[in-house]
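Chemist:
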Amino acid sequence: MQEKRADTFAEQMLTVLKYPIDNFRKIKSLGSFQGKEEDGVHWALKDVSFEVKQGDVLGIIGKNGAGKSTLLKILSKITEPSSGRIEMNGRVAALLEVGTGFHPELTGRENIYMNGTILGMTKKEIDRKLEEIIDFSGVEKYVDTPVKFYSSGMRVRLGFSVAAHLDPEILIIDEVLAVGDYEFQQKCLGKMEDVSKREGRTVLFVSHNLAMVRNLCTNGLLLDEGKLESNADVSQILDFYLNNSLQEDSLTYQNFKKCQKEMYVDKFEMSNFLKTGDGIEFSIEVVNQISEKMVEFAITITSLENVPILQFYSGHVGQQLRLKKGKNKISSKIENFPLINGFYYLNVWLGSKGVTYDFLPKIKKVDVRPGAISQDGPVCTFNGYPVIAQSKWNVL
Numbered sequence: 001m002q003e004k005r006a007d008t009f010a011e012q013m014l015t016v017l018k019y020p021i022d023n024f025r026k027i028k029s030l031g032s033f034q035g036k037e038e039d040g041v042h043w044a045l046k047d048v049s050f051e052v053k054q055g056d057v058l059g060i061i062g063k064n065g066a067g068k069s070t071l072l073k074i075l076s077k078i079t080e081p082s083s084g085r086i087e088m089n090g091r092v093a094a095l096l097e098v099g100t101g102f103h104p105e106l107t108g109r110e111n112i113y114m115n116g117t118i119l120g121m122t123k124k125e126i127d128r129k130l131e132e133i134i135d136f137s138g139v140e141k142y143v144d145t146p147v148k149f150y151s152s153g154m155r156v157r158l159g160f161s162v163a164a165h166l167d168p169e170i171l172i173i174d175e176v177l178a179v180g181d182y183e184f185q186q187k188c189l190g191k192m193e194d195v196s197k198r199e200g201r202t203v204l205f206v207s208h209n210l211a212m213v214r215n216l217c218t219n220g221l222l223l224d225e226g227k228l229e230s231n232a233d234v235s236q237i238l239d240f241y242l243n244n245s246l247q248e249d250s251l252t253y254q255n256f257k258k259c260q261k262e263m264y265v266d267k268f269e270m271s272n273f274l275k276t277g278d279g280i281e282f283s284i285e286v287v288n289q290i291s292e293k294m295v296e297f298a299i300t301i302t303s304l305e306n307v308p309i310l311q312f313y314s315g316h317v318g319q320q321l322r323l324k325k326g327k328n329k330i331s332s333k334i335e336n337f338p339l340i341n342g343f344y345y346l347n348v349w350l351g352s353k354g355v356t357y358d359f360l361p362k363i364k365k366v367d368v369r370p371g372a373i374s375q376d377g378p379v380c381t382f383n384g385y386p387v388i389a390q391s392k393w394n395v396l
């Protein structure tokens, strides 16, 4: 990594504190990685090279263990790379984990000033931003309370507010926003969009919420087992990632259904193509290896980004189904399918009185085509799914 001269007193102090660690690493590296890799060495990241322009919003995606968090730690200068270099122009503010950058014994207000000082801001500059930071975070009642008494949600609120409002040129956000409530998540997304489009700042964003990535980001970077798989327009990246995930999910299902269970879904059938407004029918075969049981079924439909959209649940229509021991065939009919054209995933749940017997995520990908919409539409609810549709269930 190329060393850059410190621009502020805070940066100079951090550089001085790093000297002993840097020297130790250099001495340790003398006997390692000379000409060939050591046996058993695992690279969290390797051969990753990309460029982000000012004002870009880069979404970094990949499975768990792909190297996303490691990349952000390197970019945030928390972790130094074993080889290669990072060139960044501008001040960096990062929110990587709950409580990152906060001293637990200091109050929220004191932590705001501490973070601003580390970024090289003067007290007057922080003073001008203070009320805006506190107001955005929503923790004004507790801002003079030590952070160690904050809940994880409160720490995320204050942490994001500090990172976004102290005028860094580069804002780095990891998955921590998942801790906050939905309203605050939307508030954060609006702020990130504002700082990139209106203020020309750069945002690097990691999230498993792919709908959030698609809506916010302009470009995407896909990591797989520490290597750069693709770097392109965010829609292209997400489509590529989702198509590959679907193939792997189908293989997982084939192994999953063979596991020994008391009760499991052995077969699920329906048309691959649907039309908006049409009636549809699902056919489910269940193997019950215990005594006769009363059960419930749910078929949930999600977007390709795994956002819940629609649910057909026998419990919503007051139906419990009696399954005999052995093989059972169940059908479900839905009138006036309410979703507009597009691609969706289907997920199947089988359970009873708080017990889950089987759950099959992404069991099928369906293509909904345009069609006529009936006046007898679905019922809107607030249980996590925007739409609950009427359905009828029968054991054949």
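Going by UniProt numbering, 36 is the number at position 36 of the sequence shown; the sequence numbering is gapless.
Don't be surprised by glycine CBs; every beta carbon is placed ideally from N, CA and C.
1) Checking 8 Å against the spacing of the C-beta atoms, do Lys324 and Gly279 come in under that value?
2) Which same chain residues, not among the five before or five after Asp56, have their C-beta less than 7 Å away from its C-beta?
3) Looking at the secondary structure, which residues open and close the alpha helix (DSSP H) in which Met270 lies?
4) Can you grab the Cα-Cα spacing for the pair Lys73 / Leu96, in whole Å?
5) Would you report the Cα separation of Glu169 and Val162, rounded to the nearest angstrom?
6) Just to confirm the assignment, what range does the alpha helix (DSSP H) spanning Leu216 have?
7) Taking Cβ to Cβ, would you say Lys68 is nearer than 8 Å to Leu223?
8) What is the residue span of the beta strand (DSSP E) that Leu321 lies within?
9) So, with DSSP's three-state summary, where would you put Tyr150?
10) Do you know offhand how far Asp127's Cα is from Met121's?
11) In this structure, what does DSSP give as the bridge partners for Ser352?
12) Are Val265 and Val206 close, meaning C-beta to C-beta below 8 Å?
13) Pick from Pro104, Leu130, Thr107 and Glu105: whose alpha carbon is nearest that of Gly116?
14) With DSSP as the reference, please indicate the residues paired to Phe282 in a beta bridge.
15) Are Ile61 and Val307 closer than 8 Å when you measure CB to CB?
16) Should Glu3 go down as buried or exposed, given a rule of 16 or more other Cβ atoms within 10 Å for buried?
17) Is Val286 near Asn328, with beta carbons less than 8 Å apart?
Modeler: Straight from the coordinates:
1) Within the sequence shown, residue 324 is the residue found at index 324, counting from 1. Within the sequence shown, residue 279 is the residue found at index 279, counting from 1. Going by C-beta atoms, Lys324 is not nearer than 8 Å to Gly279.
2) Counting from 1 along the sequence shown, the entry for residue 56 is found at position 56. These residues qualify, in order along the chain: Thr202, Thr218 and Asn219.
3) By 1-based counting over the sequence shown, the position of residue 270 is 270. Segment: none, Met270 is in no alpha helix (DSSP H) and carries neither H nor E.
4) Taking the first residue of the sequence shown as position 1, residue 73 is located at position 73. Taking the first residue of the sequence shown as position 1, residue 96 is located at position 96. Straight-line Cα distance between these residues: approximately 8 Å.
5) As a position in the sequence shown, residue 169 is number 169, starting the count at 1. As a position in the sequence shown, residue 162 is number 162, starting the count at 1. Distance between the alpha carbons of Glu169 and Val162: 14 Å.
6) On the sequence shown, residue 216 is found 216 positions in, with the first residue counted as 1. Counting along the chain, the alpha helix (DSSP H) containing Leu216 begins and ends at Leu210 to Leu216.
7) Numbered from 1 along the sequence shown, position 68 holds the residue referred to as residue 68. Numbered from 1 along the sequence shown, position 223 holds the residue referred to as residue 223. Yes, these two residues count as a Cβ contact at 8 Å.
8) Here residue 321 is taken as the residue at index 321 of the sequence shown, counted from 1. Per DSSP, Leu321 belongs to the beta strand (DSSP E) from Leu321 to Leu323.
9) As a position in the sequence shown, residue 150 is number 150, starting the count at 1. Here Tyr150 sits in coil by DSSP.
10) Start at 1 with the first residue of the sequence shown, and residue 127 comes out as number 127. Start at 1 with the first residue of the sequence shown, and residue 121 comes out as number 121. Straight-line Cα distance between these residues: approximately 10 Å.
11) Position 352 of the sequence shown, counted from the start, is the residue given in the question as residue 352. Answer is Val355, bridged to Ser352.
12) Taking the sequence shown and counting its residues from 1, the one referred to as residue 265 is at position 265. Taking the sequence shown and counting its residues from 1, the one referred to as residue 206 is at position 206. Taking 8 Å as the Cβ cut-off, Val265 and Val206 do not qualify as a contacting pair.
13) Numbered from 1 along the sequence shown, position 116 holds the residue referred to as residue 116. Minimum Cα distance to Gly116 is reached at Leu130.
14) Taking the sequence shown and counting its residues from 1, the one referred to as residue 282 is at position 282. In DSSP, Phe282 forms a bridge with Ser332.
15) Here residue 61 refers to the residue found at position 61 of the sequence shown. Here residue 307 refers to the residue found at position 307 of the sequence shown. Not in contact: Ile61 and Val307 (Cβ atoms no closer than 8 Å).
16) Within the sequence shown, the letter at position 3 stands for residue 3. Residue placement at Glu3 is poorly supported in this model, since its pLDDT is 46, which falls under 50; the coordinates still yield a value, given next. Glu3 is exposed by the Cβ-count criterion.
17) Locating residue 286 in the sequence shown gives position 286, where the first residue counts as 1. Locating residue 328 in the sequence shown gives position 328, where the first residue counts as 1. Going by C-beta atoms, Val286 is nearer than 8 Å to Asn328.
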